[in-house]
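J.: Heads up: the sequence shown begins at 761 in our numbering, then just goes up one per residue.
Glycine included, every Cβ here is placed at the ideal spot set by N, Cα and C.
Let me give you the structure first, and then I'll get to my questions.
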Amino acid sequence: MAEKTILTLVGSLRAESVNSKFAEIAVATAPEGTQVTTFTGLEEIPFYNEDLDVEGKVPAKAAELRAAVAAADGVLFVSPEYNGTMPAVLNNAIDWISRPFGKGAAIGTFAAVIGTSAGQYGGLWSHDDIRKSLKIAGASVLDEAKFAVGGSFQRFASLEPEHDAEVVEGIRSVVATLAAAEVAAVAAAN
Ligand SMILES: Cc1cc2nc3c(=O)[nH]c(=O)nc-3n(C[C@H](O)[C@H](O)[C@H](O)COP(=O)(O)O)c2cc1C
């Protein structure tokens with residue numbers, strides 16, 4: 761049984777998403793003793809609405825996301841940039857895991873952000889906004905555990921990400937840092 765669990769949340773919903781392929785690399789390169797899984801069905805979660813966030817009304821998929829994030833040792837966001845920020849599907853996910861206020865599933869969860877975008881900076885604004893929102897939601901964000909690849913359409917036009925050594929190593933390194941985060945935090949506190 762794996763000692764550590766990391767959950768990936770992917771910001772692109774399209775079938776041929778390169779960011780989804782990045783998440784698959786995270787699954788495949790997880791260090792020994794760490795299990796990485798991808799949360800599926802983010803698009804099934806209704807937009808956050810305080811009227812729904814009451815006992816007996818929380819949508820099943822939102823409850824599933826909250827439980828999955830709460831159970832994981834770390835969360836890896838894998839995202840492109842949409843209009844200079846994060847895709848709405850991730851913004852919605854963060855809203856759900858940020859509440860109930862003071863008791864959100866995001867609180868204390870280690871988190872890191874990676875991804876690829878068409879622009880030259882690989883989605884930097886998106887990633888910065890994800891980190892900012894996650895911090896406000898109470899997550900322990902690993903600012904330095906990051907990896908952004910620009911020019912996604914050209915770079916991966918004929919080369920699958922899994923065959924791009926720099927990409928595989930960049931993702932593996934972030935996953936390893938995320939998996940080690942709890943150990944490092946405990947060591948720092950002692
Ligand atoms: C609504 C929309 C907005 C976008 N805005 C940006 C942007 O601000 N910056 C950027 O680098 N790429 C932008 N793109 C292009 C995305 O980077 C590209 O579609 C993305 O890398 C695809 O990722 P995927 O392969 O995981 O689906 C945008 C794409 C869409 C659909």
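#1: Can you give me the C-alpha to C-alpha distance between E920 and T765, rounded to a whole angstrom?
#2: Looking at the secondary structure, which residues open and close the alpha helix (DSSP H) in which V778 lies?
#3: Look at the alpha carbon of A865 and the alpha carbon of W885, and state the distance between them as a whole number of angstroms.
#4: On a Cα-Cα basis, can you pick out the residue from R826, R859, T798 and A828 that is closest to N809?
#5: So which residues put a beta carbon under 5 Å from any heavy atom of ligand 1, going in chain order?
#6: Report the option in G801, H923 and G930 whose CA atom is closest to the CA atom of A853.
#7: Relative to the alpha-carbon of A788, which residue among S933, E942 and V818 has its alpha-carbon at the smallest distance?
#8: Have a look at S772 and A830 and give me their C-alpha separation to the nearest angstrom.
#9: Under three-state DSSP, which class holds L850?
#10: Just reading off the alpha helix (DSSP H) that E824 is part of, what are its end residues?
#11: Are the CB atoms of V818 and T869 nearer to each other than 8 Å?
#12: With burial defined as no fewer than 16 other Cβ atoms inside 10 Å of the residue's Cβ, what is the status of A905: buried or exposed?
#13: Where does L812 land, buried or exposed, given buried means 16+ other C-beta within 10 angstroms?
#14: Spatial neighbours of A790 within its chain, please: C-beta separation below 6 Å, excluding the five flanking residues on both sides.
#15: Look up Q914 in the DSSP assignment and say whether it is helix, strand or coil.
#16: Give me the residue from D855, G910, G930 and A878 with the minimum Cα distance to A872.
#17: Give me the DSSP bridge partner(s) of Y842.
#18: Using the beta-carbon count (16 or more within 10 Å), is H923 buried or exposed?
T.: Inspection of the coordinates gives the following:
#1: The residue given as residue 920 occupies position 160 in the sequence shown. The residue given as residue 765 occupies position 5 in the sequence shown. For E920 and T765, the distance between alpha carbons rounds to 26 Å.
#2: Locating residue 778 in the sequence shown gives position 18, counting from the first residue. Where V778 is concerned, the enclosing alpha helix (DSSP H) stretches over V778 to A788.
#3: Here residue 865 is taken as the residue at index 105 of the sequence shown, counted from 1. Here residue 885 is taken as the residue at index 125 of the sequence shown, counted from 1. Each residue's alpha carbon lies about 24 Å from the other.
#4: On the sequence shown, position 49 is the one that residue 809 refers to. Nearest option by C-alpha distance: R859.
#5: S772, R774, S777, V778, N779, P840, E841, Y842, N843, G844, S877, A878, G879 and S912
#6: In the sequence shown, the residue the question calls residue 853 occupies position 93. That would be G801, whose Cα lies nearest to the Cα of A853.
#7: Position 28 of the sequence shown holds residue 788. Cα-wise, what sits closest to A788 is S933.
#8: Residue 772 sits at position 12 when you count from the first residue of the sequence shown. Residue 830 sits at position 70 when you count from the first residue of the sequence shown. When rounded, the distance between both Cα atoms is 22 Å.
#9: Here the question's residue 850 lines up with position 90 in the sequence shown. Of the three classes helix, strand and coil, the one that applies to L850 here is helix, per DSSP.
#10: The residue given as residue 824 occupies position 64 in the sequence shown. From DSSP, the alpha helix (DSSP H) with E824 extends over A820 to A831.
#11: Mapped onto the sequence shown, residue 818 falls at position 58. Mapped onto the sequence shown, residue 869 falls at position 109. No, these two residues do not count as a Cβ contact at 8 Å.
#12: Here the question's residue 905 lines up with position 145 in the sequence shown. With 16 or more Cβ atoms within 10 Å of its Cβ, A905 is classed as buried.
#13: The residue given as residue 812 occupies position 52 in the sequence shown. Exposed, because fewer than 16 other Cβ atoms sit within 10 Å of the Cβ of L812.
#14: Taking the sequence shown and counting its residues from 1, one reaches residue 790 at position 30. Around A790: V796 and V935.
#15: For the purposes of this step, residue 914 is taken as the residue at position 154 of the sequence shown. Reduced to three states, the DSSP call for Q914 is helix.
#16: For the purposes of this step, residue 872 is taken as the residue at position 112 of the sequence shown. Here the closest residue by C-alpha is G930.
#17: Sequence index remark: in the sequence shown, residue 842 carries index 82 (1-based). DSSP lists T845 as partners of Y842.
#18: Residue mapping note: residue 923 aligns to position 163 of the sequence shown, counting from 1. So H923 ends up on the exposed side.
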